[in-house]
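See below for the structure under consideration.
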Amino acid sequence: MSDSTPTRDDTLVLLTSHNTTDRSLSHALAVEAVMRHFARHAGEDEDVWGVVGLIHDVDYEQYPDQHCRQAPEILAAHGWPGELIRAVVSHGWGICTDVEPLTRMEKVLYAIDELTGLVAAVALVRPSRSLADLTAKSVRKKWKDKRFAAGVDREVIEKGAAMLGMELSDLITEVIEGMKPVADQIGLAGKAGES
Ligand SMILES: [Fe+2]
Ligand SMILES: [Fe+2]
657 MSDSTPTRDD
667 TLVLLTSHNT
677 TDRSLSHALA
687 VEAVMRHFAR
697 HAGEDEDVWG
707 VVGLIHDVDY
717 EQYPDQHCRQ
727 APEILAAHGW
737 PGELIRAVVS
747 HGWGICTDVE
757 PLTRMEKVLY
767 AIDELTGLVA
777 AVALVRPSRS
787 LADLTAKSVR
797 KKWKDKRFAA
807 GVDREVIEKG
817 AAMLGMELSD
827 LITEVIEGMK
837 PVADQIGLAG
847 KAGES
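Under this note's numbering, the first residue of the sequence shown is numbered 657, with each subsequent residue one higher.
Written out as C-alpha cells, the structure is:
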C-alpha cells in the first residue's frame, strides 16, 4: 500500500468511475470544499482533507446496502494509504460501520457530511436559491422541521458538533462558508446561475 496522497485528478476519476449522478457529484464537491475550508483553518493539509471529502461516498451508488464496507477494497486497489481509508470509513460511524472518528479530519468529515445536505436543501427553498445570503439562523429554523430534508440525520450532526467542541450555529456557519467557493458547480449560486 502506498503512503502518498492520491492526486485530486486521480480521485475525481476514481469517484466518477463509481458514481454517475449529478446528485452524487454535487455532494462530493460540497464535502470536499468544506473539508478544504476546515483544513485551511486548522493549519492542516488541505489536499489530504480534500481528497478524503471528495471520495468519502465512493461505494454509495453501487453498494447502498454495504455503504462504507466496499470502500476499503476499492480504495486499497488504487493504492490509497490506510490512514485515509480509515477516515473515509469512519464517516459512517454508528450508521454503517463501527469505526469511530478519532482524528480531527475524521471528526470534521463526520460532522459536516449530512450538514452539507441540509444547507443545500435550505438554500434551494429560499427566494435567492443561493448560498450567498444564507445564514446559520435560516438553517436552524429548518432544524426542528423533521419533514424538511427528512433524510438528513440531525442527531449525527449534533454528535459531530459535540465531538469537535463546536456550537451548532458556528458549525453551520463554517459549512456555509466552506461551500461558497463551489456554489456555482453545485447549483447554489442563485437564479442567475440556473440554466
Ligand atoms: Fe456516506
Ligand atoms: Fe456523504
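Think of the CB as a built atom: it goes at the ideal place given N, C-alpha and C, for glycine as much as any other residue.
Quantities reported herein were computed from a predicted structural model and do not represent experimental measurements.
Shown here for Gln726: same chain residues with a beta carbon closer than 6 Å to its own, the five before and five after excluded, namely Asp715, Tyr719 in chain order. The set of residues with CB atoms less than 5 Å from any heavy atom of ligand 2 reads, in chain order, Asp713, Asp769.
In the three-state reduction of the DSSP assignment, Ser825 falls in the helix class.
Excluding sequence positions up to five before and after Cys724, its CB lies within less than 6 Å of the CB of Val745, Gly748, Cys752, Thr753, all in the same chain and listed in chain order. Annotated three-state conformation of Thr753 is strand, per DSSP. Your pair Arg782 and Leu790 checks out as a contact, with CB atoms roughly 7 Å apart and the cut at 8 Å. Within a 10 Å sphere around the beta-carbon of Thr661 sit 16 or more other beta-carbons, which makes this residue buried.
If only uninterrupted beta strand (DSSP E) runs of at least 3 residues are considered, none is enclosed by the segment 670-739. Residues Ala805, Val808 of the same chain have their beta carbon placed closer than 6 Å to that of Leu774, with the five preceding and five following residues left out of the count. Closest by C-alpha distance to Gly843, out of Glu811, Asp826, Met819, Arg785, is Arg785.
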